[in-house]
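Under the working numbering, the first residue of the sequence shown carries the number 16, and numbering increases by one thereafter. Glycine included, C-beta positions come from ideal geometry on N, C-alpha and C. Report on the following structure.
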Amino acid sequence: MSNEMKGASGAATSAQAKAKAIEEAAASLMKSAGTGAASALEGLAAAADQQAAAVKKTAGEAVKEAKAAAKNVADTADDLLDFDDDDPLSATSVSKKSLVIFFLIDTSRSMVGKKIGELNTVMEELIPEIRRVGEADTDVKVAVLTFGTQVRWMYTEPILIEDFEWTRLRADGVTNMGEAFRELSARMSRNSFLNSPSLSFAPVIFLMTDGYPSDDYKEALEELKQNSWYKFGLKAALGIGSEANDEMLEEFTGSKDTVVHAYSGGQLAQMIKIIAVTSAQIGSKSMTLSDDVNHELSEEEVRAAKQKLLGQQIQDSMTNLGDADAISLDTGW
């Protein structure tokens, strides 16, 4: 082969080699471009996943915050309905108010016969009259505690006057009045008989007995006097017959004007009704917290005013009864 042919052949080979190199380079560039695009798409997908996760996390946190806020509202509502026995007259303003009337009734052996019989009869007649006392916005409830040798509640909790049914009592045993005072103090609490979720009027406490306590009542009465509900409550006492001790009854009520005696069945019926109905009427009424000269009255002054009013009305009613039924001693029994 001539030198020219060899040169031409070499040039062709060189050209082919260059073309192949260019082709490979182009393929390499195309491949690189494809990889970059894939990487870019993968990057976008990853970013989208991250953003979705962030949105989900934010939504979850929002739900948690909403639940926490709802719980705080519920807790606040519970706090508003939480009462302190040291301040029994404070309560949240709600649609219904509550008044509990406590009857403490002597059922010892000395009450056997006409006394307990007359008491049962008048209490059966009294319940419908008390039903008419409460206003539309007041729930009147009744709790009956009897004391002889044993101390018993007629029902396990105060009963709405509309649903209350009197259970006739029997008399027997000694007069454990001190034990009754302790039981009353234990039950006069927001954790027991006075647990109504509403504004509560101070209770009415009505003691009926025909004699002197058999046990040491003084220590128990001092314990009862430390109960805030007792302090603010309207208290009255009825001595049945001539053996009831006025001094002891006055110790219980704190006022001689709210202590009366019944010497016959007729007097007993009238006095129980007068005291119970008058106490319920006064107890279920709100009194102004200022006097005639716009002096702001304390809760203690309001309580004292109600107790004084009760005494005045009881004494006025006793005067109006006249002497027709005033039979001496226990001859009327």
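The shortest CA-to-CA distance from K300 to any of Q165, L324, T224, L283 is the one to L324.
According to the DSSP secondary-structure assignment, D178 is paired through a beta bridge with no residue. With fewer than 16 other beta carbons inside 10 angstroms of its own, E172 counts as exposed. Going by C-alpha positions, L222 is about 23 Å away from T153. Residue state for M203 is assigned as coil, using DSSP reduced to three classes. Bridge partners of S113 according to DSSP: D154, S215. Distance check between S229 and each of E177, G188, K250, I297 places G188 closest, using alpha-carbon atoms only. Under DSSP, D121 shares a beta bridge with F162.
Contact between the segment 243-263 and the segment 175-182 is absent: fewer than three C-beta pairs spanning the two stretches fall below 8 Å. Separation of P218 and S200 (C-alpha to C-alpha, rounded to the nearest whole angstrom) is 12 Å. The beta strand (DSSP E) runs of length 3 or more contained entirely in the segment 228-296 are, from start to end of the chain, 249-255, 274-277.
When secondary structure is reduced to three states using DSSP, M169 falls in the coil class, being assigned neither helix nor strand. With contacts defined by Cβ atoms closer than 8 Å, V137 and I287 form a contacting pair.
The beta carbon of F118 sits closer than 6 Å to those of V159, F221, all from its chain and outside the five residues before and after it, given in chain order. If you draw a 10 Å sphere on the C-beta of K233, you find fewer than 16 other C-beta atoms in it, and that means exposed. Boundaries of the alpha helix (DSSP H) harbouring V137: 129-146, taken from the DSSP string.
Within the DSSP secondary-structure output, I220 pairs in a beta bridge with F117, K250.
For A186, the secondary structure class from DSSP, reduced to helix, strand or coil, is coil. Ranking V275, A284, V317 by CA distance to the CA of I329 puts V275 first.
Relative to S257, the option among L283, N135, T273 whose CA is nearest is L283. Here V157 is not near E198, since their CB atoms are 8 Å or more apart. Your pair F162 and N135 does not check out as a contact, with CB atoms roughly 16 Å apart and the cut at 8 Å.
Contact between I176 and V155 is confirmed by a C-beta separation of about 4 Å, below the 8 Å threshold.
Only residues of its own chain outside the window of five on either side were considered, and among them L325, Q328, I329, S332 have a CB closer than 8 Å to the CB of T293, listed in chain order.
Cα atoms of G132 and S313: separation of roughly 43 Å, rounded to the nearest angstrom.
Nearest Cα to S215 within the set N335, A319, A320, S113: S113.
For the pair F247 and G193, the Cα-to-Cα distance works out to about 20 Å. Between A186 and V127, the C-beta spacing is below 8 Å. T122 sits buried, since 16 or more C-beta atoms from the chains shown fall within 10 Å of its C-beta. In the three-state reduction of the DSSP assignment, N335 falls in the helix class, which pools H, G and I.
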